[in-house]
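Chains as they are written, first to last, in numbering that gives the first Met the number 0: chain A, 0 to 359; chain B, 0 to 335. By construction, the Cβ of each residue, glycine as well, lies at the ideal position given by its N, Cα and C atoms.
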Amino acid sequence: MSRTDSSEKSTDGGTGDVFSFEASEEISTSQRYREFFYEAFYLPAREAWRDWRMKVGLIIIFGYVLMGLVAWVSSSEFGVLADVTLVEFPTSNQFGGFEYNNQGPFQSWDYPLGTDSTGRNIMAAIVHATPDMLKMTFAGGIYVVVVATVVGTVSGYKGGRVDSFLTTVSDIVMTIPGLPLVIVLATTIDPRNPYLVGPLLVIGWWAGLSRTIRSQVLSIREESYVEASRTMGISTPRIIQKDILPNLMPYIMVNFVMSARQVIFNGVGLYFLGVLAHGSYSDNWGVMMQFAYTHASALLIPDRSYQLLMPMAAIVGLSFGLILFSQGTDRLFNPRVRQRGTGSTKQEEDSDDEVTTTIT
Amino acid sequence: MNWFIKRIGQGVFTIFTVASLTFVLIRVMPGGPAQQMVADMRQRQPSLSTEQLNVMAAQRIGVDLNRPIHEAYIDYMLNLAGGSLGQSIQYHPETVADIIARSLPWTAFVMSISLLFVFILGIGLGAIMAYKEGSKFDVGSSIIAIFLSSVPYYVAGVVLIYVLALELSLFPLNGRYPKGVDPGFTLEFIGGALYHVILPAASFVITTWGGFALGMRGNSVQVLGQDYIRVAKLRGLADRRIALRYVGRNAILPMWTSFLIQVGFMFGASIILEEIFSYRGIGYYMFDSIDNRDYPLMMGTFLVITVCVVIAVLVADMTYGKLDPRVEAGGKDESY
Chain A
0 MSRTDSSEKS
10 TDGGTGDVFS
20 FEASEEISTS
30 QRYREFFYEA
40 FYLPAREAWR
50 DWRMKVGLII
60 IFGYVLMGLV
70 AWVSSSEFGV
80 LADVTLVEFP
90 TSNQFGGFEY
100 NNQGPFQSWD
110 YPLGTDSTGR
120 NIMAAIVHAT
130 PDMLKMTFAG
140 GIYVVVVATV
150 VGTVSGYKGG
160 RVDSFLTTVS
170 DIVMTIPGLP
180 LVIVLATTID
190 PRNPYLVGPL
200 LVIGWWAGLS
210 RTIRSQVLSI
220 REESYVEASR
230 TMGISTPRII
240 QKDILPNLMP
250 YIMVNFVMSA
260 RQVIFNGVGL
270 YFLGVLAHGS
280 YSDNWGVMMQ
290 FAYTHASALL
300 IPDRSYQLLM
310 PMAAIVGLSF
320 GLILFSQGTD
330 RLFNPRVRQR
340 GTGSTKQEED
350 SDDEVTTTIT
Chain B
0 MNWFIKRIGQ
10 GVFTIFTVAS
20 LTFVLIRVMP
30 GGPAQQMVAD
40 MRQRQPSLST
50 EQLNVMAAQR
60 IGVDLNRPIH
70 EAYIDYMLNL
80 AGGSLGQSIQ
90 YHPETVADII
100 ARSLPWTAFV
110 MSISLLFVFI
120 LGIGLGAIMA
130 YKEGSKFDVG
140 SSIIAIFLSS
150 VPYYVAGVVL
160 IYVLALELSL
170 FPLNGRYPKG
180 VDPGFTLEFI
190 GGALYHVILP
200 AASFVITTWG
210 GFALGMRGNS
220 VQVLGQDYIR
230 VAKLRGLADR
240 RIALRYVGRN
250 AILPMWTSFL
260 IQVGFMFGAS
270 IILEEIFSYR
280 GIGYYMFDSI
290 DNRDYPLMMG
300 TFLVITVCVV
310 IAVLVADMTY
320 GKLDPRVEAG
330 GKDESY
């Protein structure tokens, strides 16, 4: 503990200094966090980076973030940024008269991906929809991961009545069909804020992950090093944070990505069908698809199919990046692959992971 | 047996929870469906009193605004327990139960066909990929599988409609069976129904087989590395026997649960897909009800979908124990 009692004689005749290893237990908070991040993020990240799927996936995701930044800078009213417009916000007839409606892609640098049936720049619309898409996706992913981690670790570590209660709750949430629930909630609540829409779109998704985490915690808590921490009298929250969470990080990361993909799928689908209320063309890629589908009849008029294809490509691209990323974390799950460390891309899936990725 | 009763009880409780949720959404939400409906009717018939309007709304949505919440709740639940899901607003004389009875078989038809093909493609290709691990075939199919799982099923549906139905006119654009054919056990009707189901089912199959193939591949690779496979080979067992009995069985088992959970996913997905294909299954009517603010139909379809998913999950849980005897014992270890 403290060094004040070092002058007192211990019963074995030595001084308290012999037990100074206790003092080393008091590491500073910042050091503790640094250690946590090193174990939980840096080591897995370094390992995963060796996989090509991880690299490609990360590059794609980074590209979308960059696109979001471009849109944010362009529409920002903040200080100097108000004057900077990299990509102009799309408006009807922004290039002039009607002759600029329904212009195909790859014709002019002004509208590289063409224009829609009211003359809006499709490229600009895709770019300007990105920030809200990313906010929605991020909020949904964080929601799933946080709720699942809290429920899973508490129920796994505490056990007993808390455990059986939380397990029953997550079993029930897991059986409620996801998309119908989301649709019913979306029509009655009618959310507008992307930070609210995101979590709503994956409202029951935490249940699958929390079960995986619970079973992981159940096996980890029996490990000797956790038992050692317990006998040393370290508090439960700290054991969870220090000994248990770093082991769960790969699962949490993969599920963050997979629920992000689910947010995109559900979100775009519901905007496409008009279940979620929308403001303008460039709010969401799904709204763009809806406009192309209903206003421009892009499905029936072959010359306009690009209006439907462009936002679809944006969606597929982002979810392709996310899936590649999650596939690239394989080696983190599988100690067999990891120990070999040959750098070859041996792929081994985790069956638990597979279960959670197919739930909707 | 005890476990069996517990699972069923849990299933019933899930349905109960969802039913309560629909009640809360209809009645308790400020400005929710019940109030909206009363407001709509007041505009049309301003002469009527609030009480009369409430009675009229109650006949349609089964939730009475005149009575205190707890009484209305008990009534609502009793009605549901008696199988009455209320009356549809847009298809007025028809009850919600009628509409669902008419449409549910079609959704089940699409789903069973898609599941069959997802299973065959996913398991088959996954196993071949595992046997040829590291080959060009393996890498190529892995990339294709990953790419196709990143395509949303409704995007696949739109592309299929565009290419196969509109450009090439190979398949019908929408509908459940050809016009002018009477439903019945005739070759013409069954053939027509199968012809119409191909595109919706293909949108599911194309976008979901990849996930299963990758899962199967991973499981098989893991099983192939096990000692008992080496022992089986040393014992000189036939390759075919090893592949089916030893590798196949152990690799498929962990996927059984996710396979039946897929049923729940497909019910949800049918809402978007059936709308795109104008395929009048339960999902189509659910979307239709949202569009027209037909709340009784919306809540009814939601409840029936929940019941279907609960049954699917129950079947998954119960058959899994039968298929894999190790699980029966394993379940007890977990309760610390």
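Work out the CA separation of residue j and residue i for me, nearest whole Å.
{"i": "isoleucine 182 of chain A", "j": "threonine 21 of chain B", "result": "12 Å"}
{"i": "valine 253 of chain A", "j": "glycine 327 of chain A", "result": "9 Å"}
{"i": "phenylalanine 164 of chain A", "j": "threonine 16 of chain B", "result": "15 Å"}
{"i": "leucine 373 of chain A", "j": "phenylalanine 290 of chain A", "result": "Residue 373 of chain A lies beyond the stretch modelled for chain A, which goes from 0 to 359, so this question has no answer here."}
{"i": "serine 154 of chain A", "j": "arginine 220 of chain A", "result": "12 Å"}
{"i": "proline 236 of chain A", "j": "aspartate 50 of chain A", "result": "34 Å"}
{"i": "proline 199 of chain B", "j": "serine 304 of chain A", "result": "20 Å"}
{"i": "proline 295 of chain B", "j": "tyrosine 90 of chain B", "result": "11 Å"}
{"i": "isoleucine 125 of chain A", "j": "serine 325 of chain A", "result": "25 Å"}
{"i": "leucine 231 of chain A", "j": "valine 308 of chain B", "result": "For the sequence presented, residue 231 of chain A should be read as methionine rather than leucine. Looking at the two C-alpha atoms, the distance is approximately 47 Å."}
{"i": "proline 67 of chain B", "j": "methionine 297 of chain B", "result": "24 Å"}
{"i": "valine 222 of chain B", "j": "tyrosine 292 of chain A", "result": "47 Å"}
{"i": "glycine 140 of chain A", "j": "valine 146 of chain A", "result": "10 Å"}
{"i": "tyrosine 278 of chain B", "j": "serine 91 of chain A", "result": "34 Å"}
{"i": "phenylalanine 188 of chain B", "j": "glutamate 273 of chain B", "result": "20 Å"}
{"i": "alanine 100 of chain B", "j": "tyrosine 161 of chain B", "result": "31 Å"}
{"i": "proline 176 of chain A", "j": "proline 182 of chain B", "result": "30 Å"}
{"i": "arginine 335 of chain A", "j": "glutamine 225 of chain B", "result": "At arginine 335 of chain A, the pLDDT of 46 sits below 50, so the modelled position is not reliable; the number obtained from the coordinates is stated separately. Rounded to the nearest angstrom, the two C-alpha atoms are 12 Å apart."}
{"i": "tryptophan 371 of chain B", "j": "glycine 179 of chain B", "result": "It is not possible to answer for residue 371 of chain B, since the shown part of chain B is limited to 0 through 335."}
{"i": "methionine 265 of chain B", "j": "threonine 186 of chain A", "result": "21 Å"}
{"i": "aspartate 137 of chain B", "j": "alanine 144 of chain B", "result": "10 Å"}
{"i": "isoleucine 251 of chain B", "j": "methionine 128 of chain B", "result": "14 Å"}
{"i": "alanine 22 of chain A", "j": "leucine 322 of chain B", "result": "With a pLDDT of only 46 at alanine 22 of chain A, under 50, the local geometry of the prediction cannot be trusted, and the value read off the model is given with reservation. Rounded to whole angstroms, alanine 22 of chain A to leucine 322 of chain B spans 55 Å at the Cα level."}
{"i": "phenylalanine 108 of chain B", "j": "phenylalanine 276 of chain B", "result": "15 Å"}
{"i": "serine 214 of chain A", "j": "alanine 206 of chain A", "result": "13 Å"}
Judging by CA-CA distance, which residue of the options is the nearest neighbour of residue i?
{"i": "tyrosine 270 of chain A", "options": "A:Arg220, A:Ile251, A:Ser218 and A:Pro190", "result": "A:Pro190"}
{"i": "tyrosine 246 of chain B", "options": "B:Val220, B:Leu103 and B:Ile271", "result": "In the sequence on display, residue 246 of chain B carries valine and not tyrosine. Cα-wise, what sits closest to valine 246 of chain B is B:Val220."}
{"i": "valine 149 of chain A", "options": "A:Met311, A:Gln240, A:Tyr110 and A:Arg119", "result": "A:Gln240"}
{"i": "valine 157 of chain B", "options": "B:Ile205, B:Ile142 and B:Phe136", "result": "B:Ile205"}
{"i": "histidine 294 of chain A", "options": "A:Ile322, A:Gly118 and A:Val172", "result": "A:Gly118"}
{"i": "serine 73 of chain A", "options": "A:Val216, A:Glu87, A:Val64 and A:Met135", "result": "A:Glu87"}
{"i": "leucine 298 of chain A", "options": "B:Ala164, B:Ile73 and B:Val11", "result": "B:Ala164"}
{"i": "aspartate 302 of chain A", "options": "A:Gly159, A:Gly103, A:Val172 and A:Val315", "result": "A:Gly103"}
{"i": "valine 117 of chain B", "options": "B:Ile289, B:Ser257 and B:Phe286", "result": "B:Ser257"}
{"i": "glycine 10 of chain B", "options": "B:Gly320, B:Tyr319 and B:Val312", "result": "B:Val312"}
{"i": "tyrosine 130 of chain B", "options": "B:Asp238, B:Ala268 and B:Tyr176", "result": "B:Asp238"}
Between the beta-carbon of residue i and the beta-carbon of residue j, is there less than 7 Å?
{"i": "glycine 125 of chain B", "j": "alanine 212 of chain B", "result": "yes"}
{"i": "proline 245 of chain A", "j": "alanine 39 of chain A", "result": "yes"}
{"i": "glycine 174 of chain B", "j": "histidine 195 of chain B", "result": "yes"}
{"i": "glycine 285 of chain A", "j": "valine 267 of chain A", "result": "yes"}
{"i": "phenylalanine 203 of chain B", "j": "serine 113 of chain B", "result": "yes"}
{"i": "proline 151 of chain B", "j": "phenylalanine 264 of chain A", "result": "yes"}
{"i": "valine 154 of chain B", "j": "methionine 311 of chain A", "result": "yes"}
{"i": "serine 149 of chain B", "j": "phenylalanine 319 of chain A", "result": "yes"}
{"i": "methionine 215 of chain B", "j": "isoleucine 122 of chain B", "result": "yes"}
{"i": "isoleucine 367 of chain A", "j": "valine 144 of chain A", "result": "Outside the displayed span of chain A (0 to 359) sits residue 367 of chain A, for which this structure offers no information."}
{"i": "isoleucine 121 of chain A", "j": "methionine 309 of chain A", "result": "yes"}
{"i": "threonine 49 of chain B", "j": "isoleucine 281 of chain B", "result": "no"}
{"i": "asparagine 283 of chain A", "j": "alanine 70 of chain A", "result": "no"}
{"i": "alanine 348 of chain B", "j": "arginine 26 of chain B", "result": "Here chain B has residues from 0 to 335 only, and residue 348 of chain B is not among them."}
{"i": "threonine 337 of chain B", "j": "tyrosine 284 of chain B", "result": "The requested residue 337 of chain B is not part of the displayed model; chain B covers only 0 to 335."}
Hey, residue i and residue j are a contact pair by Cβ (cut 8 Å); roughly how many whole angstroms apart?
{"i": "aspartate 115 of chain A", "j": "glutamine 261 of chain A", "result": "The Cβ separation is near 28 Å, so there is no contact."}
{"i": "threonine 13 of chain B", "j": "threonine 174 of chain A", "result": "5 Å"}
{"i": "leucine 103 of chain B", "j": "threonine 94 of chain B", "result": "Incorrect: roughly 14 Å between the Cβ atoms, too far for contact."}
{"i": "isoleucine 367 of chain A", "j": "leucine 184 of chain A", "result": "Chain A is shown only over 0 to 359; residue 367 of chain A falls outside these bounds and no answer can be derived."}
{"i": "valine 216 of chain A", "j": "isoleucine 243 of chain A", "result": "6 Å"}
{"i": "leucine 199 of chain A", "j": "valine 256 of chain A", "result": "Contact flag wrong, Cβ pair sits at about 19 Å."}
{"i": "isoleucine 228 of chain B", "j": "isoleucine 241 of chain B", "result": "7 Å"}
{"i": "leucine 272 of chain A", "j": "isoleucine 7 of chain B", "result": "Contact flag wrong, Cβ pair sits at about 35 Å."}
{"i": "methionine 110 of chain B", "j": "valine 262 of chain B", "result": "7 Å"}
{"i": "isoleucine 88 of chain B", "j": "aspartate 287 of chain B", "result": "11 Å between Cβ atoms; not a contact."}
Between residue i and chain C, is there a C-beta pair that is closer than 7 Å?
{"i": "leucine 112 of chain A", "result": "Annotation note: the requested chain C is absent from the structure, which comprises protein chains A and B."}
Handout entry: Sequence ranges, alpha helix (DSSP H) only - wholly within the region 89-140 of chain B, length at least 4
Key = Scanning the region 89-140 of chain B for uninterrupted alpha helix (DSSP H) segments of 4 residues or longer gives 95-130, listed from N- to C-terminal end.
Handout entry: Segments assigned alpha helix (DSSP H), at least 4 residues, entirely inside the region 215-261 of chain B
Key = As summarised for the region 215-261 of chain B, the continuous alpha helix (DSSP H) elements at least 4 residues long and confined to that stretch are 226-233 and 248-251, given in chain order.
Handout entry: Within the region 267-292 of chain B, ranges of the alpha helix (DSSP H) (whole runs, at least 4 residues)
Key = If we require 4 residues or more, the alpha helix (DSSP H) runs fully inside the region 267-292 of chain B come out as 281-290.
Handout entry: Secondary structure, beta strand (DSSP E): runs of 3+ residues fully inside the region 253-282 of chain A
Key = Segments of the beta strand (DSSP E) lying fully in the region 253-282 of chain A: there are none.
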